[in-house]
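J.: Structure provided below as structure tokens; questions to follow.
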Amino acid sequence: MIKKNYIYPKISSLKNNYILNIMKYNTELSKLIIPEYGRHIHQIIDSLSLIKDRKKRNQQAEVVIQIMGNLNPHLRDVNDFKHKLWDHLFIMSNYKLDVDSPYSIPKKKDIDTKPKKIDYTQGSVKQRHYGKYVINILKEVSKLTDSEKKDKLIISIANQMKRSYINWNKSNVLDNVIFSEIENISNGKIKIPENTTLENVNIYQKTFSQYKNIGRKKNNHRIKKNNHKK
């Protein structure tokens, strides 16, 4: 039922608001220092600084090094492989991480060039919309013994998987579906914390590029129509 004296928003204004929201979301994401490791590894490293107990912080840093190494098993035979992993750990923390390293800690002023990119292959991944690194990280998280840390990481990864699923399929998904995927990927080793509810994700049927394509089609149609009249 149409309400009287109510000004309905124009379609163009809705589209502009959507574009602004997308731009705001993209700008709010911090730039990855070493993109090959993925956003989750960067977030895990950032969380290390929040651990006040130095002994526990050192232990968790060792776990992260193991995860980083397992993400790149084809590089284990490279000289100083472990040393490079520790260097990357400090670099991704923006040189702020205070942990004990078996190697000399790199200093920002001494790093004149960006760290060498890690070559990797896509590999065969059934759940491609989640990404290779999310799946590999899940497998490593299943090995963690700190239950509190483990639960936080599981929920963080589950939210990312939900966003990836919706962006890929352009349709909503129940939280239970994501939970089931996590259990399948981890071969039942990961159990979702009780009463877990994932973040709501808005679904937009048309992306900015789709709006642009619609505009181009309309313009092409007008040009053809005008040429036909001539």
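Per my numbering, the very first residue in the sequence shown carries number 53; after that it's consecutive.
Note that CB positions come from ideal geometry on N, CA and C, so glycine has one too.
In or out: G240 buried (at least 16 other Cβ within 10 Å) or exposed?
T.: Its Cβ having fewer than 16 others within 10 Å, G240 is exposed.
J.: From which residue to which residue does the alpha helix (DSSP H) around D139 run?
T.: Taken as a continuous stretch (DSSP letters only), the alpha helix (DSSP H) holding D139 covers F133 to M144.
J.: Within a Cβ cutoff of 7 Å, which residues of the same chain sit near V115, ignoring the five residues on either side of it in sequence?
T.: Answer for V115: L196, listed in chain order.
J.: Indicate whether K136 and Y147 have their beta-carbon atoms separated by less than 8 Å.
T.: Not a contact, by the Cβ cut-off of 8 Å.
J.: As a quick exercise: from N124, K222, D150 and K108, pick the residue whose alpha carbon is nearest that of I93.
T.: Of the listed residues, the one whose Cα sits closest to I93 is N124.
J.: Excluding five sequence neighbours on each side, which residues of the same chain lie with their C-beta closer than 7 Å to the C-beta of R109?
T.: The answer, listed in chain order, is L100, I103 and V151.
J.: Would Q118 be called buried (16 or more neighbouring beta carbons within 10 Å of its own) or exposed?
T.: Exposed: under 16 other Cβ atoms inside 10 Å.
J.: Go ahead and pull the three-state DSSP assignment for V225.
T.: V225 falls in the coil class under three-state DSSP.
J.: Would you kindly report the start and end of the unbroken alpha helix (DSSP H) that includes V253?
T.: Looking at the DSSP string, V253 is not in any alpha helix (DSSP H), and its letter there is neither H nor E.
J.: Identify, in the order they occur along the chain, each residue of the same chain with its Cβ nearer than 6 Å to the Cβ of I244, setting aside the five sequence neighbours on each side.
T.: The answer, listed in chain order, is F231.
J.: Using only the alpha-carbon positions, how far apart do N228 and E235 sit?
T.: Approximately 11 Å between the Cα atoms of the pair.
J.: Would L190 pass as a contact of I237 if the rule is Cβ separation under 8 Å?
T.: Yes, the Cβ-Cβ distance between L190 and I237 is below 8 Å.
J.: May I ask you to report which of helix, strand or coil DSSP gives K201?
T.: Of the three classes helix, strand and coil, the one that applies to K201 here is helix, per DSSP.
J.: Excluding sequence positions up to five away, which residues of its chain have a Cβ less than 6 Å from the Cβ of E251?
T.: The answer, listed in chain order, is N211.
J.: Look at the alpha carbon of D105 and the alpha carbon of Q111, and state the distance between them as a whole number of angstroms.
T.: Near 10 Å, if we compare the C-alpha coordinates of Q111 and D105.
J.: Which residue marks the beginning of the alpha helix (DSSP H) containing G121, and which one marks its end?
T.: Segment R106 to L123, the alpha helix (DSSP H) holding G121.
J.: Under the rule that 16 or more other beta-carbon atoms within 10 Å means buried, what is K83, buried or exposed?
T.: Label assigned to K83: exposed.
J.: So for V151, helix, strand or coil by DSSP?
T.: DSSP places V151 in coil when its eight states are reduced to three.
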